[in-house]
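One structure is given here, and the rest of the page talks about it.
Residue numbers (this note's numbering), protein chains in the order written: chain A, 69 to 389; chain B, 69 to 389.
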């Protein structure tokens, strides 16, 4: 949950005067996203999400994120569409922060995804990868292999306070992934954070994707590996191969995987698990007790990582040959 | 801000199946209220607020609060109207908590109320007092004089840690108010917490009142004294008599004050300031560092109290003779 900044009614009214959206009818701070302040806005023209970007989102990245949502929407993906003001700008300032408005998407995230959900997520991810082609702006993935080494350096001295032996296990895993990370896979724009929180469904049908604030350029199949981690494990950290099969088949219906992507899948899944393990670990060690942000358990990803370390091929994830 | 409980999509869908509101389209936890968890719900039938009552709201009081909103709505006041389910009940259970849905009110609370806002609040408060007549359920005010003595007993040992001399000042004020508290004023249902957060405006026009979870039976003029405290002081704790005049005139247009109410006004204002000073002081002393709830400064009310102690009649609040 996150509303870090309060927006006074008078400042909001002044901000909205720059848009052709009519009068302000209501504005509610919502508990969505952990990086920024979000508000559900009702104006004459309809419902919108107003986001105030807090310091964890680099202002220099905002044209990439907002431009990407426009590009993906134009490509037929259902995602929030930034609203441009009278001057044609998608980015403004409110309450001393960069601010943008995007269209409101109906739908609910699912707590317990089943194989049908996973299949639709696979399809939507592939659609996003295709729709991302031709986007003019670039953003390297700061949370790829080099970034993991930096995160490990930050966390290693205190990692064993979370679980004895964790530092050594992470060091070995990082070395393995660094040594084998594939460099020749098809690349493009990836979502990089397509967890169940960021996918909406209506009546069991996927209705849209949100939260593109980790999007960047990277191997497309790495994005799929993130989704396998995020969607296809059970609460006890066992891998549900039926869900994996549905997700891989869904993805492949829209964008068939190349042989080198299939071959790399177990390693990509290890990298994805390591990435979330490391960011959660750093947050876990650095978040003060009682802070607003709910800390996520890094060890969930230590367990997932063990599954990936034992996987020998994409068949272990449910790929049908 | 407050979302204490998360509502899983499947439990919410099951809860909504008991209502004739159609399909669930979206549900956002909102940062409103400090006592309960609130969600803005979009269903086929429209927008509603779903409230899950947390432990600070006594479950035995809920029929009073929900019944009161129905009674006031029926009396023409614009306030949230509880939605009854197929079984005719306004109160249900969700995620292990008592839960209710009410209609969504458009509007924004104002950060900097002016005299026009204050005049409308006075009118609306008087309308609420008239509309409350005939409500069948009773709820004594737990935060009246006897309650203040209990709060003082809780806080007195540590009060001087907030401001040296505060304990003695509170003891003297409590004794004065206890000795002079009027017992013969017109009584009825009061809102008891009609702060700017709880009043919505649209285009400068009052559009509704919310948050009846402190409502109770007490002297009607005491409710007005709370509003004078909540609306008519400036940021530097000076009393703005133009706002006071507008509020008193607005109230009087709808429900003329009786002579004994006018006479009691300075004392009622002292009592109201003491009440918020004491509850804020107890919260200040008891809230752990880093808790989700933003603590409100009790000393704001110590300053307001000093104004009331020097007031000699309702004229000091702007009452026109």
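Cβ atoms here follow ideal geometry from the backbone N, Cα and C, with glycine treated the same way. Keep in mind that this is a model prediction, so the values were computed, not measured.
Kindly give me the distance between the Cβ atoms of residue 199 (chain A) and residue 277 (chain A), rounded to whole angstroms, as I take these residues to be in contact under 8 Å.
Contact doesn't hold; Cβ gap of about 10 Å is too wide.
Give me the residue from B:336, B:136, B:263 and B:313 with the minimum Cα distance to residue 180 (chain B).
B:263
By DSSP's criteria, residue 277 (chain A) is part of a beta bridge. Which residues make up the other side?
A:267
For residue 374 (chain A), the nearest candidate out of A:110, A:272, A:312 and A:306 (CA to CA)
For residue 374 (chain A), the closest of A:110, A:272, A:312 and A:306 by C-alpha to C-alpha distance is A:306.
For residue 125 (chain B), count neighbouring Cβ atoms within 10 angstroms of its own Cβ and tell me buried if that reaches 16, exposed if not.
buried
Nearest-angstrom Cα separation, counted from residue 333 (chain B) out to residue 271 (chain B)
As the crow flies, the alpha-carbon of residue 271 (chain B) is around 31 Å from that of residue 333 (chain B).
Quick check on the DSSP output: the alpha helix (DSSP H) that includes residue 141 (chain B) runs from which residue to which?
Taken as a continuous stretch (DSSP letters only), the alpha helix (DSSP H) holding residue 141 (chain B) covers 130-142.
Using a Cβ-Cβ cut-off of 8 Å (strictly less than) and excluding sequence neighbours within five positions of residue 242 (chain A), which residues of its own chain qualify?
216, 217, 220 and 342
If you follow the beta strand (DSSP E) that residue 111 (chain B) is part of, which residue opens it and which one closes it?
Where residue 111 (chain B) is concerned, the enclosing beta strand (DSSP E) stretches over 105-111.
Within the chosen definition, does the stretch 85-100 of chain B reach the stretch 81-101 of chain A through at least 3 CB pairs nearer than 8 Å?
yes
Going residue by residue through the stretch 282-317 of chain A, where are the continuous alpha helix (DSSP H) segments of at least 4 residues, counting only ones entirely within it?
Listed in chain order, they are 288-299.
Just to confirm my understanding: we take residue 386 (chain B), look at its own chain, exclude 5 residues before and 5 after, and list those with CB closer than 6 Å. What are they?
309, 312, 313 and 316
Tell me which residue opens and which closes the beta strand (DSSP E) that residue 97 (chain B) is part of.
92-98
Measuring alpha carbon to alpha carbon, tell me which of B:283, B:222 and B:381 ends up nearest residue 207 (chain B).
Out of B:283, B:222 and B:381, B:283 has the C-alpha closest to the C-alpha of residue 207 (chain B).
Under the DSSP definition of a beta bridge, which residues are partnered with residue 115 (chain A)?
DSSP, once it has assigned bridges, lists A:110 as partnering residue 115 (chain A).
Whole-angstrom distance between residue 382 (chain A) and residue 135 (chain A), CA atom to CA atom:
34 Å
Opposing strand residues paired with residue 168 (chain B) [DSSP bridges]:
B:119
Taking the alpha-carbon positions, what's the residue 320 (chain A) to residue 161 (chain B) distance?
43 Å
Could you name the residues of the same chain whose beta carbon sits closer than 6 Å to that of residue 322 (chain A), not counting the 5 residues immediately before and after it, in chain order?
191, 194 and 195
What are the partner residues of residue 176 (chain B), as DSSP defines its beta bridges?
Residue pairing from DSSP places residue 176 (chain B) in a beta bridge opposite B:269.
Here's a check: name, in chain order, each residue in its chain whose Cβ is nearer than 6 Å to the Cβ of residue 83 (chain A), leaving out the five neighbours to either side.
162
Given a threshold of 16 other Cβ atoms within 10 Å of its Cβ, counted over all protein chains shown, does residue 155 (chain A) qualify as buried or as exposed?
exposed
How is residue 345 (chain B) classed by DSSP in three states: helix, strand or coil?
Three-state result, residue 345 (chain B): helix.
Distance, residue 261 (chain A) Cα to residue 209 (chain A) Cα
12 Å
Buried or exposed: which applies to residue 372 (chain B), given that a residue is buried once 16 or more other Cβ atoms fall within 10 Å of its Cβ?
buried
Identify whether residue 255 (chain B) lies in helix, strand or coil by the three-state DSSP scheme.
strand
Which residues mark the beginning and the end of the beta strand (DSSP E) in which residue 160 (chain B) is found?
160-162
Leaving out the 5 sequence neighbours to the left and right, which residues in its chain are closer than 7 Å to residue 350 (chain A) when beta-carbon positions are compared?
219, 222 and 223
By the criterion of Cβ-Cβ separation under 9 Å, what are the contact partners of residue 176 (chain B) in chain A?
Residues of chain A passing the Cβ test: 77, 80, 81, 92, 93, 94 and 95.
Going by C-alpha to C-alpha distance, which of B:225, B:298 and B:280 sits closest to residue 139 (chain B)?
B:280
Going straight from the alpha carbon of residue 202 (chain A) to that of residue 164 (chain A), what length do you get?
C-alpha separation (whole angstroms): 33 Å.
Assigned secondary structure, residue 150 (chain B) (DSSP; H/G/I helix, E/B strand, else coil)
strand
Sub-9 Å separation of residue 89 (chain A) and residue 176 (chain B) beta-carbons
Taking 9 Å as the cut-off, the Cβ atoms of residue 89 (chain A) and residue 176 (chain B) do not count as close.
Counting only the same chain and skipping the five closest in sequence on each side, list residues whose C-beta sits under 8 Å from that of residue 254 (chain A).
Excluding residues within five positions, the ones whose Cβ falls inside 8 Å are 287, 288, 289, 326 and 329.
With a threshold of 9 Å between beta carbons, is residue 270 (chain A) in contact with chain B?
yes
With H, G and I counted as helix, E and B as strand and the rest as coil, what does DSSP make of residue 69 (chain B)?
For residue 69 (chain B), the predicted model reports a pLDDT of 41, less than 50, meaning its position is unreliable and no value from the coordinates is stated.
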